[in-house]
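Quick note, the sequence shown lines up with residues 95 to 238 if you use the numbering used here. The structure under discussion appears below in the form of structure tokens.
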Amino acid sequence: MEENNLKILKEIHKATKMGMDSISFVSEKLDDNKLKDNLSFQYTQYGQVMDRVNKLYENYGEIPEDKNVMNTIMGWTGVQMNTMTDKTPSHIAEIMIEGTTMGIIEGRKLINNEANQASKDVKDLLNNFVTFQENNVEQLKKFL
């Protein structure tokens, strides 16, 4: 069970960090205050998820690994390239939806393949995180 818990926590941590980084990268490109507010709210929610992940990691005497610096650079570069010619709210929402959808897919795989052998608190966090991401996609669709 501990191995499954740590695997799930690692994936949630990675997805949360990627979400927070992506929001930071695209926010500096935005002029639209409504989308900026939406992403700011998401960023705060991701921070709360990160706090829960860190607290659960403490139960195992582990410290979550920070994402590889190269992945952060690649994420930043990808945002720069994707917004070079199109910084519209619609395009930025599309970029964010695509990234969030990848997180949802990974979360659903964990729910289907790993969560049955995880503790209740980790399962609950995983389910809540996937639901949170699905809600984010629904909110972002309004900007397409």
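All residues carry an ideal CB built from backbone N, CA and C; glycine is no exception.
* Asked: Is L234 closer than 7 angstroms to M196 when the C-beta atoms are compared?
  -> Here the question's residue 196 lines up with position 102 in the sequence shown. Here the question's residue 234 lines up with position 140 in the sequence shown. Not a contact, by the Cβ cut-off of 7 angstroms.
* **Sequence-distant residues of its chain with Cβ nearer than 6 angstroms to I106 (five each side left out)** => In the sequence shown, the residue the question calls residue 106 occupies position 12. Within the same chain, V147 and F223 come within 6 angstroms of I106 by CB-CB distance, once the 5 residues on both sides are set aside.
* Report buried or exposed for G141, applying the criterion of at least 16 other Cβ atoms within 10 angstroms of its Cβ. => Here residue 141 refers to the residue found at position 47 when the sequence shown is read from its first residue. Answer is exposed; the Cβ neighbour count stays below 16.
* To do: Rounded to whole angstroms, what's the CA-CA distance from K236 to D126? Just pull it up for me.
  => Counting from one through the sequence shown, the residue named residue 236 turns up at place 142. Counting from one through the sequence shown, the residue named residue 126 turns up at place 32. Computed Cα separation, rounded: 13 angstroms.
* Just to confirm, are V143 and T110 a CB contact at a threshold of 7 angstroms? -> Counting from 1 along the sequence shown, the entry for residue 143 is found at position 49. Counting from 1 along the sequence shown, the entry for residue 110 is found at position 16. Yes, the pair counts as a contact, with Cβ atoms nearer than the cut-off.
* To do: Evaluate the contact criterion for the segment 203 to 220 versus the segment 130 to 141: three or more CB pairs, one atom per stretch, below 8 angstroms.
  => Contact fails: fewer than three Cβ-Cβ distances are below 8 angstroms.
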